[in-house]
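Heads up: the protein sequence lines correspond to chains A and B, in order.
The working numbering numbers the first residue of the first sequence as 1 and each following residue consecutively.
The working numbering numbers the first residue of the second sequence as 1001 and each following residue consecutively.
For glycine and all other residues, C-beta sits at the position ideal for the given N, C-alpha and C.
Since the structure comes first, as structure tokens, the remarks are kept for the end.
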Amino acid sequence: GLSDSVKKWEQKQVQIKTLEGEFSVTMWASEDQS
Amino acid sequence: SLRGETGRVFDWGPYLMTSQASAVSVSCFKHVPMHDCWEQMVEGVLVEVPNTDLDIGKDVKVYWIATVVKICGYKILLRYEGFGSDSSKDFWSNLLSEDVHNVGWCATYGRILAPPKSIKDKHSDWKEFLIKRLTGTRTIPPHFHAKALEWLDGHKLKSGMQLEVVNKMCVSAMRLAVIKDIIGGRLRLNYLDSKEENDEFWCHMTSPLIHPVGWSQTVGHKLHASQEYINSCLSKITMQKYGTIDATPDMFPKCKDPPHGLTFQVGMKLEAIDPLNLSAICIATVMKVLRNNYLMIGIDGSMAENGSDWFCYHTTSPCIFPVGFCKINNLELTPPRGTKGPFKWLDYLKQTRSVAAPVKLFDKDIPKHGFRPGMKVEAVDLMEPRLICVATVTKVIGRLLRIHFDGWENNYDQWIDCQSPDIYPVGWCEVMKHSLEGPRTRLETYQP
């Protein structure tokens, strides 16, 4: 189903873009997080 | 009925804060988007939201990361990152709002994150702060708002389709209607034979009040429709040749099989929610047994002679109860009009020479639900079902809920099943852009 993809979570590198520049952090995010 | 100012946007946030009330979790409503993944939405989840505390021009839209500090239905109380334990700038939003994004959304879509001006100087190195703060925490899935709306599109009933619906002016009969609009799974139906253009009825697409084309003839229910329609149904039912705009049986939820394969008999007595006064549980009689386990139920003492107020319930309906249900659960049972002295079932059965419907005929399944007294919901005023109102669960008896409309007298309360599609989580109307009637506020006597 549609929400199956948001039921599974894993540790992912997530990009953060601030005025000071871009960097990444490790967060728990759903499986379909690009 | 409860009549309010339709179209008004009710602000749940301050109301939840002042009443200190909790709300029923989204996961308790099987007919709303994201109910099956809501347990993952916990306090501490991080999101990216517009930063409204800025010292730059308002035409520049920048964002900041916020923590969910409280969840009430779909509504969330947010705190911008960097405020620590300072709750002074906390603000309410909706987790399915188009403005609430997963962490990482800004980088994907080229938007900038900038801290609110109130705390801008609190940290000299925001990058270091964010890395420390964000690592190991959780964010929401991407495109959460779009996914919720996509979930609703999965239903088979579409605008323009025809179906059979209870006649709101004569509840013992069905009429043909066309779906004019669908909002969040709720159908705006227009009676097809009506002379008035706006003779409409609202119900959820899984409501027991609507059925596929040909249903009335299949089960033997009274139908107010043209002879042409009645004739056309016969071939549809027997040959399974439905038209392109016909709502067909596969588009409706399947009813459960009755327990033990036993059947109700005409004349049996029971207790039932009065379909015309949903705050009352009344003495009732099985007036007719239809095919496919449907019953026509009449409320004792208030039945119209022509049976126009008989109401159709499936034998597994959670709105009918065995004799003694109210007594066991310490609930008020409304006796037939004109009853003198306290009502006693044994005397009444003797007096009417009738029998109680055996307990084993009733569906006794009580699903795990999560509704508790005091919790807030958005509830349909079933006497005026285009209205959805701010309401509170005031009693929970097994799977049966008593819903009180905030600010209204108790005689407007409604008994409703915990799986009814006519109750919604807090914030549902906002997501669906449906109007929500706020609590009635009593106006002080005006003296110029």
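Nearest to residue i (by Cα), restricted to the options the options
i                  : options                                    : result
ASN1111 of chain B : A:TRP9, A:GLN15, A:LYS8, A:VAL25           : One point to set straight first is that residue 1111 of chain B is Arg, not Asn, in the sequence displayed. For the residues A:TRP9, A:GLN15, A:LYS8, A:VAL25, the minimum Cα distance to ARG1111 of chain B belongs to A:GLN15.
LEU1387 of chain B : B:SER1302, B:TYR1424, B:GLU1409, B:VAL1396 : B:TYR1424
ASN1410 of chain B : B:ASP1417, B:ASP1422, B:THR1394, B:ILE1416 : B:THR1394
PRO1249 of chain B : B:LYS1180, B:LEU1157, B:SER1085            : B:LEU1157
SER1226 of chain B : B:GLU1332, B:MET1174, B:TYR1242, B:ASN1277 : B:MET1174
THR1218 of chain B : B:LEU1234, B:THR1206, B:GLY1370            : B:LEU1234
LYS17 of chain A   : B:VAL1103, B:CYS1203, B:VAL1213            : B:VAL1103
ALA1023 of chain B : B:THR1316, B:LYS1168, B:LEU1077, B:CYS1037 : B:LEU1077
GLN1351 of chain B : B:LYS1364, B:PRO1336, B:PHE1362, B:HIS1211 : B:PRO1336
TYR1412 of chain B : B:ASP1059, B:LEU1382, B:LEU1400            : B:LEU1382
GLU1081 of chain B : B:ILE1056, B:PHE1091, B:PRO1115            : B:PRO1115
GLN19 of chain A   : B:GLU1098, B:ASP1011, B:ASP1125, B:ARG1353 : Checking the sequence shown, residue 19 of chain A turns out to be Leu, not Gln. For LEU19 of chain A, the nearest C-alpha among the options comes from B:ASP1125.
PRO1253 of chain B : B:HIS1211, B:LYS1344, B:ILE1237            : B:HIS1211
SER1308 of chain B : B:PHE1325, B:PRO1275, B:GLY1338            : B:PRO1275
PHE1129 of chain B : B:ALA1107, B:GLY1084, B:TRP1310            : B:GLY1084
GLN1419 of chain B : B:LYS1433, B:TYR1294, B:GLY1370, B:THR1441 : B:GLY1370
LYS1241 of chain B : B:VAL1266, B:GLY1214, B:CYS1255            : B:GLY1214
LEU1295 of chain B : B:ALA1021, B:PRO1208, B:LEU1400, B:THR1137 : B:PRO1208
VAL1179 of chain B : B:LEU1192, B:SER1172, B:CYS1170, B:VAL1171 : This sequence places Ile at residue 1179 of chain B; Val is not what is there. Of the candidates B:LEU1192, B:SER1172, B:CYS1170, B:VAL1171, the one whose C-alpha sits nearest the C-alpha of ILE1179 of chain B is B:LEU1192.
Beta-carbon neighbours of residue i, restricted to chain B and to distances below 9 angstroms
i                : result
GLU20 of chain A : ASP1125, TRP1126, LYS1127
Within chain A, partners of residue i - CB distance below 9 angstroms
i                  : result
CYS1106 of chain B : GLN15, ILE16, LYS17, THR18
ILE1071 of chain B : Simply none; closest approach about 16 angstroms.
Classification of residue i by the beta-carbon crowding that lies within 10 angstroms, buried from 16 upward
i                  : result
ALA1284 of chain B : buried
PRO1318 of chain B : buried
HIS1031 of chain B : buried
ASN1292 of chain B : exposed
HIS1221 of chain B : buried
SER1001 of chain B : With a pLDDT of 35 at SER1001 of chain B, under the threshold of 50, the predicted position of this residue should be treated as unreliable, though the coordinate-derived value follows. Exposed.
ASN1231 of chain B : exposed
ARG1079 of chain B : buried
ALA1379 of chain B : buried
PRO1448 of chain B : Reliability fails at PRO1448 of chain B, whose pLDDT of 48 lies under 50, so the model's placement of it is uncertain and the value that follows must be treated cautiously. Exposed, since its Cβ has fewer than 16 Cβ neighbours within 10 Å.
GLU1271 of chain B : buried
GLU22 of chain A   : exposed
LEU1189 of chain B : buried
GLY1004 of chain B : Confidence is the limiting factor: at GLY1004 of chain B the pLDDT is only 43, short of 50, which leaves the residue's position unreliable and the question unanswerable from this model.
ILE1140 of chain B : buried
GLY1324 of chain B : exposed
SER10 of chain A   : Sequence inspection shows Glu at residue 10 of chain A; the Ser mentioned does not correspond to that position. Exposed: under 16 other Cβ atoms inside 10 Å.
GLY1341 of chain B : exposed
VAL1390 of chain B : buried
ASP1059 of chain B : exposed
GLY1044 of chain B : exposed
Span of the alpha helix (DSSP H) around residue i
i                  : result
ASP1347 of chain B : 1345 to 1351
ASN1136 of chain B : The sequence shown places Gly at residue 1136 of chain B, rather than the Asn named in the question. Where GLY1136 of chain B is concerned, there is no enclosing alpha helix (DSSP H), given that its DSSP letter is neither H nor E.
SER1232 of chain B : 1227 to 1239
GLY1013 of chain B : 1012 to 1019
ILE1216 of chain B : Here residue 1216 of chain B turns out to be Ser, not Ile, going by the sequence shown. From DSSP, the alpha helix (DSSP H) with SER1216 of chain B extends over 1215 to 1219.
ALA1107 of chain B : 1105 to 1108
ASP1055 of chain B : Here ASP1055 of chain B belongs to no alpha helix (DSSP H), and DSSP marks it neither H nor E.
GLU1430 of chain B : 1428 to 1432
GLU1150 of chain B : 1144 to 1153
PHE1325 of chain B : 1325 to 1328
Element boundaries [beta strand (DSSP E), containing residue i]
i                  : result
GLN13 of chain A   : 9 to 18
THR1316 of chain B : No beta strand (DSSP E) holds THR1316 of chain B; DSSP gives it neither H nor E.
SER1279 of chain B : 1277 to 1289
TRP28 of chain A   : 21 to 30
LYS1070 of chain B : 1063 to 1072
CYS1389 of chain B : 1388 to 1397
ILE1179 of chain B : 1173 to 1183
ILE1076 of chain B : 1075 to 1080
HIS1224 of chain B : 1222 to 1224
HIS1404 of chain B : 1400 to 1405
ASN1094 of chain B : 1091 to 1094
Chain-ordered chain A contacts of residue i [CB-CB under 7 angstroms]
i                  : result
VAL1166 of chain B : The premise fails here: VAL1166 of chain B is roughly 31 angstroms from chain A at the closest Cβ pair, so nothing lies under 7 angstroms.
THR1206 of chain B : By Cβ distance, chain A contributes nothing, its closest Cβ being about 17 angstroms from THR1206 of chain B, past 7 angstroms.
VAL1047 of chain B : In chain order: nothing, as chain A lies at least about 12 angstroms away.
Contact list for residue i against chain A, beta-carbon separation under 8 angstroms
i                  : result
ILE1112 of chain B : LYS17, THR18, LEU19
ARG1399 of chain B : In chain order: nothing, as chain A lies at least about 24 angstroms away.
ARG1138 of chain B : TRP9, MET27, TRP28, ALA29
ASN1051 of chain B : Those within 8 angstroms of ASN1051 of chain B in chain A number zero; the least Cβ separation is about 11 angstroms.
ILE1179 of chain B : Residues of chain A passing the Cβ test: none, with the nearest at roughly 22 angstroms.
Segment contact flag, the stretch 1061 to 1073 of chain B with the stretch 1181 to 1195 of chain B, C-beta cutoff 8 angstroms, min 3 pairs: no
Okay, do the stretch 1416 to 1432 of chain B and the stretch 1015 to 1024 of chain B touch, 3+ Cβ pairs below 8 angstroms being the bar? yes
At a cut of 8 angstroms, does the stretch 1300 to 1312 of chain B reach the stretch 1194 to 1204 of chain B through at least three beta carbon pairs? no
The stretch 1145 to 1163 of chain B in contact with the stretch 1113 to 1120 of chain B per 3-pair CB rule at 8 angstroms: no
Are the stretch 1162 to 1173 of chain B and the stretch 1203 to 1219 of chain B touching by the rule of at least three beta carbon pairs closer than 8 angstroms? yes
Taking 8 angstroms as the threshold, find out whether the stretch 1353 to 1363 of chain B comes into contact with the stretch 1259 to 1277 of chain B through three or more Cβ pairs. yes
Report yes or no: do three or more beta-carbon pairs, one from the stretch 1394 to 1406 of chain B and one from the stretch 1041 to 1052 of chain B, lie closer than 8 angstroms? no
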